[in-house]
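One structure below.
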Amino acid sequence: MRTTTVLSSDELASLARLGQTIRLARLRRNLTQAAFAERMGVGRPSVVAIENGRPGVAVGILLKALTVLGYTERLGEIVAADPIGDDMDAVLGRRRSRRSAHVADF
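Sequential numbering of the sequence shown, starting at 104, is according to this note's numbering.
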């Protein structure tokens, strides 16, 4: 059963900014929406949805767009740094555990 997640206005704005960033990156590479969609292995409506910041775009499709644009290495930066978790560990006196290889190698 599919559930609907309600996103805040800040989260929707973040998706819109991400879509605009992806659109700009596509245009800088001189790719039409159709050519970009073909490289991603999806239809043009999926590209339109990404660029419009629609929240219903599947994570896999979004990841494919970022891969085609060459951004996958930068995704590792998002999961590698966890300053909030580090602060919580320090406050609670926990030692940092080793990150698993699949996270560290993202």
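For glycine and all other residues, C-beta sits at the position ideal for the given N, C-alpha and C.
Here the structure is a predicted model, which is why all the values come from computation and not from measurement.
When we look at the beta-carbon of Val160 and count the other beta-carbons within 10 Å, is it buried (16 or more) or exposed? Classification of Val160: buried, given that the 10 Å Cβ count is 16 or more.
Could you name each continuous alpha helix (DSSP H) segment of 4 residues or more that falls completely within the segment 117 to 156, going from the start of the chain to the end? Runs of the alpha helix (DSSP H) inside the segment 117 to 156: 136 to 143 and 147 to 154.
Beta carbon of Arg147, beta carbon of Gln136: below 7 Å? Against a cut-off of 7 Å, the Cβ pair of Gln136 and Arg147 comes out as a contact.
Helix, strand or coil at Asp185 [DSSP, three-state]: In the three-state DSSP reduction, Asp185 falls in the coil class, being neither helix nor strand.
Ser112 to Arg142 span [Cα, whole Å]: For Ser112 and Arg142, the distance between alpha carbons rounds to 31 Å.
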